[in-house]
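Novice: Handing you this structure, nothing more for now.
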Amino acid sequence: MSDPNTPLPTESPEYDYPVPVYYYPRVKTRYWLHALLLALTFFTTLTVGAKFQDNFMHHQPLIGDGFPFPLLWVLHQPSNLLLGLPFALSLMGILLAHEMGHYVYCRRYHVLATLPYFLPAPTLIGTLGAFIRIKSPIRSRKALFDIGIGGPIAGFVVAMPLLFLGLALSRAGSGEPIDFGFPLVFHLAHIVCGPRVALSQTALHPIAIAAWFGMFATSLNLLPGGQLDGGHILASVWPRTHRWISICTIIALFGLSFFLFLGWLLWAIFLAIAIRHPWVPEYPPLDKPRRWIAFCGLVMLVITIAPRPFAGLSIYDFIMYWKHGG
1 MSDPNTPLPT ESPEYDYPVP VYYYPRVKTR YWLHALLLAL TFFTTLTVGA KFQDNFMHHQ
61 PLIGDGFPFP LLWVLHQPSN LLLGLPFALS LMGILLAHEM GHYVYCRRYH VLATLPYFLP
121 APTLIGTLGA FIRIKSPIRS RKALFDIGIG GPIAGFVVAM PLLFLGLALS RAGSGEPIDF
181 GFPLVFHLAH IVCGPRVALS QTALHPIAIA AWFGMFATSL NLLPGGQLDG GHILASVWPR
241 THRWISICTI IALFGLSFFL FLGWLLWAIF LAIAIRHPWV PEYPPLDKPR RWIAFCGLVM
301 LVITIAPRPF AGLSIYDFIM YWKHGG
C-alpha cells in the first residue's frame, strides 16, 4: 500500500508538467449518523414550521410566540406537526439541493466527500444548516470551480420557485416583529406575484420564510473569501489574488457588522481563521464559459444578499442602546 503522504509524479495529458498524485484510502460512510441527523433536523424544522403555519392561519405574526423553540406546544398536541410540512420540506429541500450540488460534482471528479451532515438545533428555523466534508485534494481549477459553484446554483434553483410560491400565498398584514431585510431577488419576486402592499407590510407564508433563509444561506456561501463556496470560485478563477480579495472581504464584513448587522462580525472572524485556501494546480487555466458562469455567481450573490438581514442588531445600534441607558 502506498504511503498517503508520498506523492507519485505522473504525466497527464491535462497538464504540461508532472503532477503529484496522492493515494487516499476510502473512508467508511456512517450512514446511520447521516440518517439520524437528517431525521432530527426534519423534526426540529417541522416543529418550528408547525408553529409558523399555525400563527399564519390565525393571523398572528409568524415569528412571535413560536420563539423560543416551541417543543412543548407540539408535544401538547402532536398532530400539529403536520402543519409544519410546507416549511420543513421547503427549507430542507433548499439545503439538501445545495449540499448535493457539491456532492455530485465531487463524485464526478473522483474527490472523496461525505454525504451531507444536517445540523438540528432549537433555533429560529430549527437548524444551523448542513455541510459536507471533502476528504481528498481537488486536482484542477475546473474541478474546484464546479464543486464550488454547484451547491449555490442547485440551492438557488430550488429556492426560486419556492420564493414565488411563498409570496403568492402571503397576504397583506402587519408584518413581523423581527424586521427582516429583504434581498433584491425578494423585491423582484414581490413585484411579480406578491401582495399589493410593501414587503414590510406583508404577512409572509412559511414557505416564503424558508425561501428567505435559503437565499440568505446562498449569499453567505457565495462570499468571496477563505474556504467558502465563493472562496473556491475565487481561487479557481484568480488563484493568485485569492488572499487579497479575501482580506478585502473580511474588512468589508467588519464594516458591515458595525453599521448594519452584528452577525457579519462572526463571518469576518471565520474567514480570517480559514483564509488560506488549499493548493490547487494553476494549470490548465479555467475556460471562458466557466468564467462567464463565475460572473453569474457574482450576480447571484448581489441579488440574494441582504446587507442588513435583521434591523437593529448592529454594533452601532447596541452602542446607542447602552449610551441611552438601555
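Residue numbers (UniProt numbering): 1 to 326.
For glycine and all other residues, C-beta sits at the position ideal for the given N, C-alpha and C.
(1) What do you reckon, are the CB atoms on residue 40 and residue 93 nearer than 9 angstroms?
(2) Going along the chain, which residues of its own chain have a beta-carbon closer than 7 angstroms to the beta-carbon of residue 337, five neighbours each way excluded?
(3) Going by CA-CA distance only, name the one from 313, 203, 273, 214 that's closest to residue 58.
(4) In the DSSP assignment, what residue or residues form a beta bridge with residue 134?
(5) Let me know the secondary structure DSSP gives residue 208 once reduced to three states.
(6) How many angstroms separate the CA atom of residue 190 from the CA atom of residue 199?
(7) Assuming contact is defined by CB atoms lying nearer than 9 angstroms, are residue 268 and residue 257 in contact in what I supplied?
(8) Helix, strand or coil: which one does DSSP assign to residue 301?
(9) Taking the alpha carbon of residue 271 as the point to measure from, which residue in 223, 128, 211 has its own alpha carbon closest?
(10) How many Å lie between residue 116 and residue 77 at the Cα?
(11) Using the DSSP secondary-structure output, state which residues sit across from residue 120 in a beta bridge.
(12) With a 10 Å radius around its C-beta and 16 neighbouring C-beta atoms as the bar for buried, classify residue 150 as buried or exposed.
(13) Assign residue 391 to buried or exposed, taking buried as 16 or more other Cβ atoms, counted over all protein chains shown, within 10 Å of its Cβ.
(14) Can you give the Cα-Cα distance for residue 154 and residue 255, rounded to whole angstroms?
(15) Classify residue 313 as helix, strand or coil using the three-state DSSP reduction.
(16) Counting pairs of Cβ atoms below 8 angstroms between the segment 278–298 and the segment 223–242, do you hit three or more?
(17) In the DSSP assignment, what are the bridge partners of residue 171?
(18) Quick check: the segment 115–135 against the segment 91–107, are at least 3 beta-carbon pairs closer than 8 angstroms?
(19) Can you tell me the Cα-Cα spacing of residue 1 and residue 141, whole angstroms?
(20) Is the Cβ-Cβ distance between residue 87 and residue 60 less than 9 angstroms?
(21) Between residue 235 and the rest of its own chain, which residues show a CB-CB distance below 7 angstroms, the 5 nearest in sequence each way excluded?
(22) Smallest Cα separation from residue 112: which of 182, 98, 29?
(23) With a CB to CB cut of under 8 angstroms and the five nearest residues on each side skipped, what residues in its chain are close to residue 82?
(24) Can you name the residues that DSSP bridges to residue 180?
(25) Taking the CB atoms as reference points, tell me whether residue 130 and residue 95 lie closer together than 9 angstroms.
(26) Among the candidates 48, 73, 74, whose CA atom is the shortest distance from the CA of residue 62?
(27) Where does the unbroken alpha helix (DSSP H) through residue 287 begin, and where does it stop?
(28) Run through DSSP, which three-state label would residue 164 get?
(29) What is the rounded straight-line gap between the Cα of residue 38 and the Cα of residue 119?
(30) Output needed for residue 194: all residues of its chain with C-beta closer than 6 angstroms, excluding positions within five of it in sequence on either side, in chain order.
Specialist: Per the coordinate set shown:
(1) no
(2) Look at the range of the chain in this structure, 1 to 326, and you will see that residue 337 is not part of it.
(3) 203
(4) 113
(5) helix
(6) 7 angstroms
(7) yes
(8) helix
(9) 223
(10) 31 angstroms
(11) 127
(12) buried
(13) The structure shown does not extend to residue 391, since the chain spans only 1 to 326, so no value can be given for it.
(14) 30 angstroms
(15) strand
(16) yes
(17) 203
(18) yes
(19) Any answer about residue 1 is weak, because its pLDDT of 45 lies below 50 and its placement is not dependable; what the coordinates show is given next. So the two alpha carbons sit approximately 28 angstroms from each other.
(20) no
(21) 144, 242, 277, 280
(22) 29
(23) 50
(24) 310
(25) yes
(26) 48
(27) Per DSSP, residue 287 belongs to no alpha helix (DSSP H) and is neither H nor E.
(28) helix
(29) 8 angstroms
(30) 167
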